[in-house]
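**Q** Dropping a structure here in structure tokens format, bear with me for questions.
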Amino acid sequence: MKKNNNKVLLHTCCAICSGYPIRKLQELEYEPIAYFFNPNIYPDTEYQKRLESQKRLCEELKCELIVEDYTPNMYMGIMQEFDGYEEGSARCKRCSELRLLRTIQKAKELEIDKYTTSISISPHKSFTVIKDLAKFFAGYFQAEFIDIDFREQNGFFKTNQISKELNLHRQNYCGCETSMQRLQYMR
Ligand code: SF4
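Quick note, my numbering runs 487 ahead of the 1-based positions in the sequence shown.
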């Protein structure tokens, strides 16, 4: 048997989105390890709230959690070319790409050969775009993308239920400054 054979490094974008994916992977007898790498979250006070919720969720679901350093300046530097781009545009693709790439690199460092992400559970994101990116990186790094559409079987509803039951922090914007400003503009 291969080392770390049932382990899956699950990139988690936030506690709300990752509750159901963690449970689903556990039900399928994988051993998910949550990986919190989200330099996109703005501002840092919001980052701390989301991180605290993630810790609590993982404790409740008995899921190991790895927290990456918070590097918003690195993120803003990389995303500069997408300033002015709206949520849902190429900006989001680049943002997902950045987080998926770091996740698969981390998985390789840990000798875990499977990975996936909670990003795609959101109805505001394109599952196809994220899946294509994730599969591309899996091929390049000789790893496996666990190709589960977590939205199926009412996944988005279920993940929201878990977060309500645990009274987790519920944000009302995706994460970056652009998405926060869009929300303010719509009010
Ligand atoms: S809206 Fe969300 S996915 Fe899109 S760039 Fe901002 S944080 Fe990333």
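Beta carbons: idealized from backbone N, C-alpha and C, even for Gly.
Note the first and the last residue of the continuous alpha helix (DSSP H) segment covering E533.
**A** D531 to E547
**Q** In three-state terms, what does DSSP make of E598?
**A** coil
**Q** Indicate whether Y562 and P610 have their beta-carbon atoms separated by less than 8 Å.
**A** no
**Q** Can you tell me whether T646 is helix, strand or coil according to DSSP?
**A** Three-state DSSP puts T646 in a helix.
**Q** Suppose you measure from the CA of F623 to the CA of G564; what does that come to, to the nearest Å?
**A** 24 Å
**Q** Helix, strand or coil: how does DSSP classify F524 here?
**A** coil
**Q** On a CA-only basis, which of N654, L512, L597 and D619 is nearest R543? Give me that one, please.
**A** N654
**Q** Can you tell which of I649, L497, E573 and R589 has the C-alpha that lies nearest to the C-alpha of C663?
**A** Comparing C-alpha distances from C663 to each of I649, L497, E573 and R589 shows the shortest one belongs to E573.
**Q** When you compare each of N492, C545, Q658 and K618 to L588 by their alpha carbons, which one comes out closest?
**A** Minimum Cα distance to L588 is reached at K618.
**Q** Label F523 either buried or exposed according to how many other C-beta atoms from any shown protein chain fall within 10 Å of its C-beta, with 16 as the threshold for buried.
**A** buried
**Q** If you reduce the DSSP assignment to three classes, tell me which class P519 lands in.
**A** In the structure shown, P519 sits in a strand (DSSP, three-state: E or B).
**Q** For C504, verify whether its CB is less than 7 Å away from any heavy atom of the ligand SF4.
**A** Not under cutoff, so the answer is no.
**Q** Which residue from C500, V495, A502 and K536 puts its Cα closest to that of R516?
**A** The identity of residue 516 in the sequence shown is Glu, whereas the question assumes Arg. Answer by Cα proximity: V495.
**Q** Going along the chain, which residues of its own chain have a beta-carbon closer than 8 Å to the beta-carbon of R669, five neighbours each way excluded?
**A** E573, E574 and Y660
**Q** What do you reckon, is the C-beta of N560 under 7 Å from a heavy atom of the ligand SF4?
**A** No; taking the cut-off as 7 Å, the Cβ of N560 has no heavy atom of the ligand SF4 nearer than that.
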